[in-house]
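> Pasting in a structure now, in C-alpha cells, and then I'll have a few things to ask.
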Amino acid sequence: MAQEKNHLESPALKSAWERYAEFDFNAKIGSRQRTVLRQAAIAISMFAVLMAVFTNTYSVNLSEFTGWGIFSTIGEAIRILLVVALIINFIIFALFVRSQKQDSSQDLRTAAEEIKKEIYLYRTVLQWHEECERWLSDRITRIQRHVAEGFGNELILKPYRGDIPPYYDPSDPNSDPGFTRLLPADYLRYRLENQLETYSRELTEPQKQRYYLQLGLFATAGISVLLAAIPGGNFSAWVAVTVFALVALMYWLEPREIDAKINSYNQLIAGLNIIRDWWFSLNKQEQTGVEFFKLVVATEKVIWSHYNKHASEMWQAIEELKGRKEDALDEVLLLSGTAALQEFEAEYDAQKDTESATVVIAESVTTIEPARVDDQEPDIIEGVVETVNGNAEPVKKALVKKETSLTVVGSRDAEETVGYHSKKRGLPHAFVVMPFGRKQGPDGRWIDFDSIYYDLIKPAVEAAGFESFRADQESVSGDILTDMFQELLLADMVIADLSIDNANVFYELGVRHAMRKRGLVHIQSGRPYLPFDIFNVRTIPYQIDKTGRPDPDHIEKDKQAITKITRETWASDVDRIHSPIFNLLDGLVEPDRKTLRTPLATGFWREYNEWRERVTISQRQKRIGDLLVLTEEIRNPLIREEAISEAGRAMRGLGRFELALQQYRHGLAINPRNIEFRREEAFHLNRMNRTDEAIVKLERLLQDHPLDIEAMSFLGRIYKQMWTETWEGIEDESIRMTEAFNALHWLVKATHTYLAGYRLDQNNHYPGINALSLAMLIDFLAKSNNLTDDPDVEAIRADLPKLKGAVQFALENRTEKDSSDYWALVSLAELQVSIADDPVKVSRTYKRALTAARKNVYNLQSALSQLRLLQSLGFRPEYVQAGVDAIKSELGRIHYEEEIEDPGRTLDTPQVFIFSGHPVDAPKRKESRFPAGMEKEARDKINKALDKFKADSNDLAVTCGAAAGGDIIFIEVCLERNMNVEVHLPFEEARYIQWSISYAGDNWIERFYNIRNNPNVKIWLQPDYLGRVKFDDNMYERNERWALYSSFIHGVDRMRLIVLWDGLIDDTPGGPDKMIDRVRQLGGITEHLNTTKFHYWKAEGKVSRALDLLTMES
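Numbered according to this note's numbering, the sequence shown spans residues 518 to 1631.
See below:
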C-alpha cells in the first residue's frame, strides 16, 4: 500500500530507465566482444607457436619417412595448420585493434551509471520539486548528446528488449522497483546496500583472476627454467613455448589492470561503508531530512567517482559529508537549481515511528555558494541615521561561521532555517562557447570540457561579476537552436574556448564576431597555434592535468587570469572593438540589439512575456514593490534593458523620480550607449533639482546625437523651468508678471530649443505643442509690456500662425489615428486653451483626454501644472479655468474611488515603519536568542521606538511576515495605535502558520488570526503578485525586498526601519541584518533594538531565564 502511495507515474523516469538499460546492455555486449577477441588471440597464438615447434623440431625425423605417405601427410598438415593459425591470428588481431579504436563499452558504461545517478537524485533530493520532470529530462538529453558527440555516426546501439527497470526481481524484497519515491530506509536498501553487495560480489572475480594468473605465471616461468636447465636435453623449442605462455599471461594481466581494479573496488566498498556507518551513528532526532539529503549526495558522488575515474571526488564527498566543505551539493546545484524542502522531518519521523512507508513532501533542496561581496554603491544616498536601543552608536557585527552547506527552507523550526544565498540580480550575462564532454586535443590528450567549465571557467566568470551560462544549461522548452543563438547574439560577454578545432565553436564564434563588436574573450589550452583566420586573436591559456581536467597546481592562477581579462574587457572603453571583423572593416555597423531578436526563440522570450503581464497589472494597481522586484529578477540581457525602461517609466508615472533615476542608472551600467537611458537620467536629475548636471548630460548627448528630438525637448523643458523659477512663489501678481517678463530670455531660449526639435519631425507633437504654448506666452507678455523691438520676440511672433496650423494638424491627425493616446489628446486640449473661442470647447476637449488617462494621477497633475502656470500669469483666465475644473474633477473622482476601495487609506502617509526581527525561540533551540520570557521587554522597546518617532494612526506599518515573535508583537503594538498594517507573506496562510507560528504554541496562532481579522490589516501573498520564486532565489529574501520596495511609494525619506536583532550576521535567507543593510544603502532611517543588551540577560532576568529553561525541559 505504501509502495502504491509512493509510486511515480513519470514519463521522464521511464525514459531514463530505458536509456540506462540500452546503454548498459550495449556496454556489456562491447565488453564481452573484446574479452572474447582477446582470449581467441591468445589461444590461436599459443596454437601457432606449438605448430611451429612441431614443424621445426620434428621435421628431420619426419623426413626419414618421406616414403611413408602417412608421415608426409602429417608434416604437410602441421605446416598448413601453422599457416592457417597465423592467418586467423592476424584477422583476430586486426579485429581486436579495430575494436579498441571503436570501443564504446567504457563510455556507454559511464553514461549508463551517470543516468542511474540522476535517477536516484530525481527520486530523492529533487522528487518533490515542481520542475523535477523537466530537470531529469534535460539531464538525460544532455548525457545522450555527449555520447552522440563522442562517437558521431560510428555508434550503433542494439535495442534492449528486456524489462524496465533492468535487474528488478519482484520476488526479492531488496530489489529496486525503480518507479517509487525513496525514503531513507528505501534508499539504503535499494541503492547503498545493494551497491555494497554488488561491489563485494564483483570484487571476488578479479581476486580469483589475479590468483590464478599469478599461479600460471610462476608455473610457466618455473617450467621454462627447468627445461632450459636439463643437461643434454634438446628442449629449446619448448622453452620458447613456455616463455610465450609467460608473456601471454603477463599480457592478459597487464591490460586488465587487475590490481587497480581490486584497489578501486576496495575504496568504493570502504567509502560506502563509511557513509552507511555515519548514517546509523546518528540518533533518531539527528536523522533529519537535511542529513538524508547529504547521505544521498555523498553516496551518489562516491559511486560516480568509480566510473568517472576521479577517486578524489569520492573522498571529497566523504569530507563534505562530515561538514568540512561548503559545497556538499555543488553538483546538484549545477544540475537542478534551488529548492525548498517541506515538512520532511515530520513525515520522516512518522515513518520511523510507524515503520511504514510515508510520502515525503519536499519541493526542493538548495545549496549555499560563497556570497560575493557587493561593492556597488547605491545611486542615491541622501544620508543614513542609525540608532541602537535609542542611542546613536555603531553596530557591532560578528560573523557567524557557516556550519553546513545543505539547507532546508521552510522547516517547522522557522528561525533555525538556513537559506540560500541567491546570486546578485541584474548581473551581466556571459555566454560560454565551448565543446561538451570529453574530446581529444591537438596533442592527442583527452580534455574534459565539462570539468573545465564547472571547475575553471564558471567560477572565474562569476568572480568577474557575470552570470555564467552554457548552451547545455538551457532548460526551458522551445527551439534550443534559436534560444542558443539569442544568447550568443545578445549576451553581454562571450567566452570562447578554442582548445580544439571544433566546428560548432568556430561557427558560433564567427557569428559573434560578425554581429557584435564588443564583449569577447578567447581562451585555450594545449595548442601551439590557432587557425590562420584567427591567429592574431589574443587568447588566455590555461593548464590541464593528465586526466584532461584543470591542473590543480595552476587552477587558481588560471582562474585569476580569466577573471582579470573578463573584467578588463567589460570595463574597456565603449568604443574599444574586440571583434577582428569590426577591426578590419571600418564601415561595418553593429546592428541594434533589438533587431537581433527572433520570435522563434520562444523559450528565450517567455521570461519577458510573463514579466510584462505582471508589470502591467502592477502599474495599474500602483504597486511599486512588485515592479522593482520583478525588474530585478530579469536575467535576459536584452529583456533587462526593456524591463528597466518599463520600470523607469512606471516610477515616473507614479511620481517617484528618485526611484526612476535609480532604474535608468542601472540601465546605463548595462548599456552606456542606450540613448533613452541617457535622456531619462538627465530628465530625472532635473526633476530632483540637479539642474546643472542635467544640462551637462543633455548637451553631451546632443553632441553625440545632434538629431535627438527628445533630448532637445528635455533641454527645452529645463530652460522653461529656469524661467519659471525666477517668478514662481511670488504672491503679488504685478511683481510676478514683471519678474516673468524680465526673465523672458530664458523663455525665448526654451522656445527656440523646442522649435529646433519640432522642425526635425513635425509629426512629433510634444516639442510642437510646447513651442506653441511658450510662443503664445511670449506674445502675451510682450503685448502686456508693449515690447515691439526685440528681434527674437518678433521672429517668434511671425512664426505663430504657421506653428498653430502645423501643430493643430499634427495633433488632430494623431488623435484620429489613435483615440487612446493621452498625451496627444491633452496636447490638443492645451492647444484649445490658446486658440478656442469658447471655454466650453476647452472643457470638452480636456474631458475627451481624461478618457485615456487611465487614472494616472501623475499624468493628470502634469497637465494641471501647465494650466496652473498659465493661470498664474493671467493668460486667458476663462479658458484656463475650464481646463483646470475638468482635471480637478477627475482627480477628485479618482481619490474618492480609492477611498471607497480602501477606507483606511491616507493620501499622504507621514511615516512608514518597516519591521524586521527575530522569531521567538523554538523549544529545542540550542542557543537562546529570543526566549518567550523576553516578550514583555521586546514589546516595551518597540513601543518606545514608535514613541520616539511619534507614530500615530496616520502612519503605516509594513512587515515581511507575521511569524511568532517580533513580527506579531510589532503588529499588535501598531494596531494598538490604530495604525494601518501591511503584511507580506511568502506563501499561503496555512503553510505559513505551520512553518513559522505553530511551533511556538496555539496562543501565537490565535494572535495571528486576531491580526488577520483586524480591519486595519492587509495581507499580501507573494505568489499572487510576483509569481513563482526563481530557481536560484529564495522566497524569504525575496519577500523582504518586496515589502521594502512596496514602501518606496511613500518616499525613502519617510521610511523608518525598526529591527529587533542580536547584531549577528548569519546565513539565514534574509533577516534583520540584510534589511538594515538595504535601508542604510538607500539612505533610510534605522532603529536597532539590540536584544543582547536587554535587561533580560542581566541579573534581573535570571528568574525569567530559569522559567524558560524549565519550560524547555518539560
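Where a beta carbon is used, it is the ideal one built from N, C-alpha and C, also for glycine.
Answer yes if the region 1532-1549 comes into contact with the region 1450-1467, meaning at least three C-beta pairs across the two stretches below 8 Å, and no otherwise.
No: fewer than three Cβ pairs fall under 8 Å.
> Look at the alpha carbon of residue 1345 and the alpha carbon of residue 1102, and state the distance between them as a whole number of angstroms.
Taking the first residue of the sequence shown as position 1, residue 1345 is located at position 828. Taking the first residue of the sequence shown as position 1, residue 1102 is located at position 585. Rounded to the nearest angstrom, the two C-alpha atoms are 49 Å apart.
> Is there contact between the region 1280-1293 and the region 1331-1349, where contact requires at least three CB pairs shorter than 8 Å?
Yes: the two stretches touch, three or more of their Cβ pairs being nearer than 8 Å.
> Return the residue from the list 677, 689, 783 that minimises the CA-CA distance to residue 720.
Here residue 720 corresponds to residue number 203 of the sequence shown, with the count starting at 1. The residue with the shortest Cα to Cα distance from residue 720 is 783.
> Thinking C-alpha only, which one of 1038, 1235, 1048, 1007 is nearest residue 1032?
Position 515 of the sequence shown holds residue 1032. Considering only alpha carbons, the answer is 1007.
> Helix or strand or just coil, what does DSSP make of residue 525?
On the sequence shown, position 8 is the one that residue 525 refers to. Three-state DSSP puts residue 525 in coil, outside helix and strand.
> Report yes or no: do three or more beta-carbon pairs, one from the region 1033-1041 and one from the region 1069-1084, lie closer than 8 Å?
Contact between the region 1033-1041 and the region 1069-1084 is present, because at least three Cβ pairs lie under 8 Å.
> Taking DSSP's pairing of strands, which residues face residue 987 in a bridge?
Here residue 987 is taken as the residue at index 470 of the sequence shown, counted from 1. Bridge partners of residue 987: 949.
> Return the chain-ordered list of same chain residues with a C-beta closer than 6 Å to the C-beta of residue 981, the five sequence neighbours on each side being excluded.
In the sequence shown, the residue the question calls residue 981 occupies position 464. Once the five neighbours on either side are set aside, the close Cβ partners of residue 981 are 1080, 1083, 1084.
> Quick one: grab the DSSP three-state call for residue 1359.
The count along the sequence shown starts at 1 and reaches residue 1359 at position 842. The answer is helix: DSSP assigns residue 1359 an H, G or I state.
> Counting pairs of Cβ atoms below 8 Å between the region 1250-1267 and the region 1216-1231, do you hit three or more?
With the cut-off at 8 Å, the region 1250-1267 and the region 1216-1231 do not touch.
> Excluding the 5 residues preceding and the 5 following residue 1366 in the sequence, name in chain order all residues of the same chain whose CB lies nearer than 8 Å to its CB.
The residue you call residue 1366 lines up with position 849 of the sequence shown. 1339, 1342, 1343, 1345, 1346, 1380, listed in sequence order.
> Quick one: what's got a C-beta closer than 6 Å to residue 903's C-beta in the same chain, skipping five residues either side?
Taking the first residue of the sequence shown as position 1, residue 903 is located at position 386. Annotation note: pLDDT 44 at residue 903 (below 50); position unreliable, no value reported.
> Could you pull the DSSP bridge partners for residue 1039 from this structure?
Walking along the sequence shown from the start, residue 1039 turns up at place 522. 1013, 1056, per the DSSP bridge assignment.
> Can you say whether residue 1327 is buried or exposed, counting buried as having 16 or more other CB atoms within 10 angstroms of its CB?
Reading the sequence shown from its first residue, position 810 is the one you call residue 1327. Under this definition residue 1327 is a buried residue.
> Going by alpha carbons, who is nearest to residue 1467 out of 1427, 715, 958, 1525?
In the sequence shown, the residue the question calls residue 1467 occupies position 950. It is 1427 whose Cα lies nearest to the Cα of residue 1467.
> What first and last residue would you give for the alpha helix (DSSP H) that runs through residue 1029?
For the purposes of this step, residue 1029 is taken as residue 512 along the sequence shown, with counting starting at 1. Its alpha helix (DSSP H) spans residues 1020-1032.
> Across which residues does DSSP place residue 1186 in a beta bridge pair?
Against the sequence shown, residue 1186 aligns to sequence position 669. DSSP lists no partner for residue 1186.
> Is DSSP giving residue 1097 helix, strand or coil here?
Working through the sequence shown from its first residue, we reach residue 1097 at position 580. In the structure shown, residue 1097 sits in a helix (DSSP, three-state: H, G or I).
> Do residue 952 and residue 966 have their CB atoms nearer than 8 Å?
One-based indexing of the sequence shown puts residue 952 at position 435. One-based indexing of the sequence shown puts residue 966 at position 449. Against a cut-off of 8 Å, the Cβ pair of residue 966 and residue 952 comes out as a contact.
> Should residue 955 and residue 1043 be called a contact, given that it needs their Cβ atoms to be closer than 8 Å?
Numbered from 1 along the sequence shown, position 438 holds the residue referred to as residue 955. Numbered from 1 along the sequence shown, position 526 holds the residue referred to as residue 1043. No; because the gap between Cβ atoms is not below 8 Å, this pair is not in contact.
> Enumerate in chain order the residues of its own chain whose CB-to-CB distance from residue 1214 is below 8 Å, with the five nearest sequence positions on each side excluded.
Within the sequence shown, the letter at position 697 stands for residue 1214. Excluding sequence neighbours, residue 1214 sits near 1195, 1198, 1199, 1202.
> Can you list, in chain order, the residues of its chain with a C-beta nearer than 6 Å to that of residue 889? Leave out the 5 residues immediately preceding and following it.
On the sequence shown, position 372 is the one that residue 889 refers to. Legend: pLDDT at residue 889 = 36, less than 50; position of this residue unreliable, value from coordinates given subsequently. Counting only Cβ-Cβ distances below 6 Å, and skipping sequence neighbours, we find nothing.
> Look up residue 1431 in the DSSP assignment and say whether it is helix, strand or coil.
Within the sequence shown, numbered from 1, the residue matching residue 1431 stands at position 914. Strand at residue 1431.
> Which same chain residues end up closer than 8 Å to residue 1132 when comparing Cβ atoms and leaving out the 5 residues on each side of it in sequence?
As a first step, residue 1132 must be located in the sequence shown, where it is residue number 615. Excluding residues within five positions, the ones whose Cβ falls inside 8 Å are 1143, 1144, 1147, 1148, 1160, 1163, 1164, 1167.
> Is the Cβ-Cβ distance between residue 1577 and residue 1608 less than 8 Å?
Locating residue 1577 in the sequence shown gives position 1060, counting from the first residue. Locating residue 1608 in the sequence shown gives position 1091, counting from the first residue. Contact: yes.
> Check for me: the alpha helix (DSSP H) holding residue 1319 runs from which residue to which?
Here the question's residue 1319 lines up with position 802 in the sequence shown. It spans 1308-1334 - the alpha helix (DSSP H) in which residue 1319 sits, taken as one unbroken run.
> Under three-state DSSP, which class holds residue 1537?
The sequence position of residue 1537 within the sequence shown is 1020, counting from 1. Strand, per DSSP.
> In this structure, how does DSSP classify residue 898 when only helix, strand and coil are distinguished?
By one-based count along the sequence shown, residue 898 stands at place 381. Because the pLDDT at residue 898 is just 30, under 50, the model does not fix this residue reliably, and the point stays unresolved.
> Alpha carbons only, please: which of 532, 691, 1234 is nearest the one belonging to residue 1286?
Within the sequence shown, numbered from 1, the residue matching residue 1286 stands at position 769. Comparing Cα positions, the closest option is 1234.
> Quick one: Cα of residue 788 to Cα of residue 695, how far?
Stepping through the sequence shown from its first residue, residue 788 is reached at position 271. Stepping through the sequence shown from its first residue, residue 695 is reached at position 178. Each residue's alpha carbon lies about 24 Å from the other.
> Would you check if the distance between the CB atom of residue 1462 and the CB atom of residue 1606 is smaller than 8 Å?
Taking the first residue of the sequence shown as position 1, residue 1462 is located at position 945. Taking the first residue of the sequence shown as position 1, residue 1606 is located at position 1089. It is a contact, given that the beta carbons lie within the stated cut-off.
> Kindly indicate which residue of 1089, 949, 1470, 1264 has the alpha-carbon position closest to the one of residue 1495.
As a position in the sequence shown, residue 1495 is number 978, starting the count at 1. Ranking the options by Cα distance to residue 1495, first place goes to 1470.
> Residues bridged to residue 1378 by DSSP?
For this step, residue 1378 is matched to residue 861 along the sequence shown. Beta-bridge pairing links residue 1378 to no other residue.
> Our contact map puts residue 681 next to residue 724 with C-beta atoms below 8 Å; I'd like the distance itself, whole angstroms only.
As a position in the sequence shown, residue 681 is number 164, starting the count at 1. As a position in the sequence shown, residue 724 is number 207, starting the count at 1. With 8 Å as the limit, residue 681 and residue 724 do not qualify as a contact, their Cβ atoms being about 33 Å apart.
> Please list, in chain order, all residues of the same chain as residue 1364 whose beta carbon is under 6 Å from its beta carbon, the five residues on each side excluded.
Position 847 of the sequence shown holds residue 1364. Closer than 6 Å at Cβ, skipping near neighbours: 1403.
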